[in-house]
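Presented below is the structure to which this report refers.
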Amino acid sequence: MALRTDTLDLSRLRLSSGQGKRLDLAVHVEPFAFGGQTYQVRPDLVDVRIDVSRTTANGYALRLRGTAELDGPCARCLEPARPGFGVDAIEVHQPGGEDEELVSPYVDGEEELDVEAWTRDALALALPASIVCRPECAGLCAECGANLNEEPGHAHEREPDQRWAKLSEIRFE
Ligand SMILES: [Zn+2]
Ligand SMILES: [Zn+2]
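Letter by letter, the sequence shown follows residues 2 to 174 in my numbering.
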């Protein structure tokens with residue numbers, strides 16, 4: 002297993018134009034907050050693969066890949082959930098060029114790549130609007146709170162509400 006890395010000094014790779022290097026690193030990622038809940042990123046050290054290509058004398062093309070899990074309550078059924086997410090991100094760092102947008106926010110003036118910040122942002126982009134234990138999670142019964150995953154076909158027998166009976170007579174064109 003790779004040692005924990007928060008930053009990567011690109012200049013120390015001593016790549017010349019056209020050269021590339023692949024590095025397998027382990028990075029700690031701070032937890033995410035969703036709907037008032039905290040989701041820890043697992044494992045504690047996420048394995049990431051970084052491909053560094055030296056494009057020009059002072060330019061880099063960078064690719065980050067990895068997978069991580071989020072550990073916290075399912076937004077629908079509230080049971081512990083740990084869904085996994087894949088990350089595949091590209092950064093181009095080309096300072097001093099015509100186009101200022103080619104300066105990566107993750108590479109500083111000393112050619113130090115902030116692996117931790119990049120991994121966290123890339124993971125954030127891969128996350129859905131809410132964390133669920135599985136896409137088909139049935140959630141909780143709105144009436145009694147029963148976990149519908151554990152009780153398929155769960156239903157409440159009751160008298161039909163007259164107000165609803167009235168509503169059902171309305172025809173929507
Ligand atoms: Zn669930
Ligand atoms: Zn119920």
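Positions of the beta carbon are idealized from the N, C-alpha and C atoms, including for glycine.
Residue i versus residue j: straight-line alpha-carbon distance, rounded
i	j	result
A156	R77	18 Å
L16	I91	18 Å
L63	V53	5 Å
P96	D48	28 Å
P84	T57	39 Å
D115	F33	18 Å
P248	E170	The structure shown does not extend to residue 248, since the chain spans only 2 to 174, so no value can be given for it.
heavy atom of ligand 1 below 6 Å from residue i C-beta
i	result
V42	no
V133	yes
R77	yes
Bridge-paired residues (DSSP) for residue i
i	result
I51	L24 and L65
E70	R43 and G85
Q38	F35
D7	Answer by DSSP bridge pairing: none, since D7 is not bridged.
T57	G60
Nearest candidate by alpha-carbon position, reference residue i, set the options
i	options	result
Q41	C75, G146, L149 and D115	C75
V104	G154, G36, L4 and N59	N59
Contact test: residue i Cβ vs ligand 2 heavy atom, cutoff 6 Å
i	result
C142	yes
A147	yes
Runs of beta strand (DSSP E) lying entirely within the segment 76–156, each at least 3 residues, in chain order: Runs of the beta strand (DSSP E) spanning 3 or more residues and lying entirely within the segment 76–156 occur at 85–94 and 113–115, in chain order.
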